[in-house]
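Down below is the structure, laid out as structure tokens.
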Amino acid sequence: MEVRKAVLPVAGWGTRFLPATKAMPKEMFPIIDKPVIQFIVEECLDAGIDNIIFVTGRHKRPIEHHFDINTDLEKHLENCGKTQLLKNIMEISRLVNPIYIRQKEQLGLGHAVLVSEPTVGYEPFIVCLGDVILKDEESVLTKMMEVYRRFGKSVIAVFEVEEREVSKYGIIDGRHIERDIHIIDDLIEKPKIEEAPSRLAIVGRYLFTPKIFEKLKVTPPGRGGEIQLTDAIKLLLEEEAVYAIKINSKVYDTGTPMGYLQTMIEFALQREDLRDDLTKYLRGLLIQPTEV
Ligand code: G1P
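Residues are numbered in the numbering used here as their position in the sequence shown, beginning at 1, plus a constant of 258.
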């Protein structure tokens, strides 16, 4: 069966960014002028997935407004002759078919995915985490869908991290089978360095068979008292094979202040309209560091 839907869990509190996230979802933080969540939605659209299921919460309304049609704003931009801006804002709201479902309690990533079950139904689906932006020549989701088409089983994207970083991610223990494909034997959520079976970290892109829902229903709270998606995948392994695809994409983790800053600076340096002025500004700062 073809993959038609993507689930984007966006109900988290964003505690690492308080007080900014008290009233504003972290997924709406801009990378210059585009909110982080739009990058993720565009990634899904590029892979041919336009049914986007947002697992949302009561403090996440701006996300709904962002993907809705805003006729007043469109009229205003049309009247001012701002055609490029008009095209930009029209495109995203018309290309995506958003579905919103509430996660009433924040019980963890696994729980968020389980909440999406009535909207996914019994079919394979993608999960994209809302704070990781991937930059690659080829679409990671498309590659994952190719692996799914071949094996008919779940696929997880992983990337290689440095040893000191393993405790920030879900880490897999796998066997290389061909090119960039591994078959997973085990996984562990945020292990200590000495417990980590490899340096292959889950990047936040998953493709699941619907069997994962059965497993999520019986996954006990794990790390941090939360229902962990990684633990449900571990249960899934008892019944079905799960594949990993190792990606070489540039990974931007916008979920921490430092990662957010790095993403913002790198993206700005890649933009023709900002590159020169920003470079000059940064050089100036680095030559004469200012006391704050
Ligand atoms: C989640 C997952 C983890 C994965 C990571 C990728 O953790 O639980 O397995 O490696 O996303 O960003 P979080 O960063 O939400 O704590």
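By construction, the Cβ of each residue, glycine as well, lies at the ideal position given by its N, Cα and C atoms.
query = Which of helix, strand or coil does DSSP assign to residue 317?
reply = Locating residue 317 in the sequence shown gives position 59, where the first residue counts as 1. DSSP places residue 317 in coil when its eight states are reduced to three.
Ordered list of beta strand (DSSP E) runs contained in the region 379 to 444, each at least 3 residues = 383 to 386, 390 to 393, 412 to 418 and 428 to 436
inquiry  = With DSSP as the reference, identify every bridge partner of residue 503, one or two as the case may be.
reply    = Within the sequence shown, the letter at position 245 stands for residue 503. Answer is 415 and 439, bridged to residue 503.
ask   = Within the present structure, is the beta-carbon of residue 279 separated from the nearest heavy atom of the ligand G1P by less than 7 Å?
value = Position 21 of the sequence shown, counted from the first residue, corresponds to residue 279. Checking every heavy atom of the ligand G1P against the Cβ of residue 279, none is found closer than 7 Å.
ask   = What is the rounded straight-line gap between the Cα of residue 389 and the Cα of residue 324?
value = Taking the first residue of the sequence shown as 1, we reach residue 389 at position 131. Taking the first residue of the sequence shown as 1, we reach residue 324 at position 66. Roughly 16 Å between the two C-alpha positions.
query = Going straight from the alpha carbon of residue 339 to that of residue 531, what length do you get?
reply = In the sequence shown, residue 339 corresponds to position 81, counting from 1. In the sequence shown, residue 531 corresponds to position 273, counting from 1. Taking the straight line from one Cα to the other gives about 20 Å.
query = Around the C-beta of residue 280, are 16 or more other C-beta atoms found within 10 angstroms, so that it is buried, or is it exposed?
reply = Taking the first residue of the sequence shown as position 1, residue 280 is located at position 22. Residue 280 comes out exposed.
request  = May I ask you to check if the CB of residue 511 is nearer than 7 Å to at least one heavy atom of the ligand G1P?
outcome  = Along the sequence shown, read from residue 1 onward, the residue named residue 511 stands at position 253. True, at least one ligand heavy atom lies under 7 Å from that Cβ.
task = Please name the residue in 259, 278, 285 and 260 whose C-alpha comes closest to that of residue 267.
result = Taking the sequence shown and counting its residues from 1, one reaches residue 267 at position 9. Cα-wise, what sits closest to residue 267 is 285.
message = Which same chain residues end up closer than 6 Å to residue 309 when comparing Cβ atoms and leaving out the 5 residues on each side of it in sequence?
response = Translated into positions along the sequence shown, residue 309 becomes position 51. Within the same chain, residue 309 has close Cβ partners 262, 263 and 355.
message = If you follow the alpha helix (DSSP H) that residue 515 is in, where does it begin and where does it stop?
response = The residue given as residue 515 occupies position 257 in the sequence shown. Taken as a continuous stretch (DSSP letters only), the alpha helix (DSSP H) holding residue 515 covers 515 to 527.
ask   = Is the beta carbon of residue 470 sitting closer than 8 Å to the one on residue 507?
value = Position 212 of the sequence shown, counted from the first residue, corresponds to residue 470. Position 249 of the sequence shown, counted from the first residue, corresponds to residue 507. Not a contact, by the Cβ cut-off of 8 Å.
task = Report yes or no: do three or more beta-carbon pairs, one from the region 454 to 465 and one from the region 412 to 424, lie closer than 8 Å?
result = yes
message = Please return the same chain residues whose Cβ sits closer than 8 Å to the Cβ of residue 503, not counting the five positions on each side in sequence.
response = As a position in the sequence shown, residue 503 is number 245, starting the count at 1. Closer than 8 Å at Cβ, skipping near neighbours: 398, 401, 402, 405, 413, 414, 415, 416, 438, 439 and 440.
key: Residues near residue 387 in its chain [Cβ-Cβ closer than 6 Å; skip 5 each side]   = Looking up residue 387 in the sequence shown gives position 129. Once the five neighbours on either side are set aside, the close Cβ partners of residue 387 are 462.
task = For my contact list, residue 290 and residue 526 are in at a C-beta cut-off of 8 Å; report their separation, rounded to the angstrom.
result = Walking along the sequence shown from the start, residue 290 turns up at place 32. Walking along the sequence shown from the start, residue 526 turns up at place 268. Indeed, because the Cβ distance is near 6 Å, the residues count as touching under 8 Å.
query = Just the Cα atoms here: how many angstroms apart are residue 278 and residue 515?
reply = By one-based count along the sequence shown, residue 278 stands at place 20. By one-based count along the sequence shown, residue 515 stands at place 257. When rounded, the distance between both Cα atoms is 11 Å.
ask   = Is residue 390 near the ligand G1P, with its Cβ less than 7 Å from a heavy atom?
value = Indexing the sequence shown from 1 puts residue 390 at position 132. Result yes, Cβ under 7 Å from the ligand G1P.
inquiry  = Given the structure, does residue 461 come close to the ligand G1P, in the sense that its CB is under 7 Å from one of the ligand's heavy atoms?
reply    = Your numbering for residue 461 matches position 203 in the sequence shown. At least one heavy atom of the ligand G1P is nearer than 7 Å to the Cβ of residue 461, so yes.
ask   = Going by the beta-carbon positions, is the gap between residue 283 and residue 317 smaller than 8 Å?
value = Position 25 of the sequence shown, counted from the start, is the residue given in the question as residue 283. Position 59 of the sequence shown, counted from the start, is the residue given in the question as residue 317. Closer than 8 Å, so yes.
key: Environment of residue 492 [buried if 16+ CB atoms lie within 10 Å]   = The sequence position of residue 492 within the sequence shown is 234, counting from 1. That one is buried.
request  = Flag this pair as touching only if the region 324 to 337 and the region 421 to 436 have three or more C-beta atom pairs under 8 Å; answer yes or no.
outcome  = no
ask   = On the three-state DSSP scale, how would you describe residue 534?
value = Sequence index remark: in the sequence shown, residue 534 carries index 276 (1-based). Looking at residue 534 - three-state DSSP - the assignment turns out to be helix.
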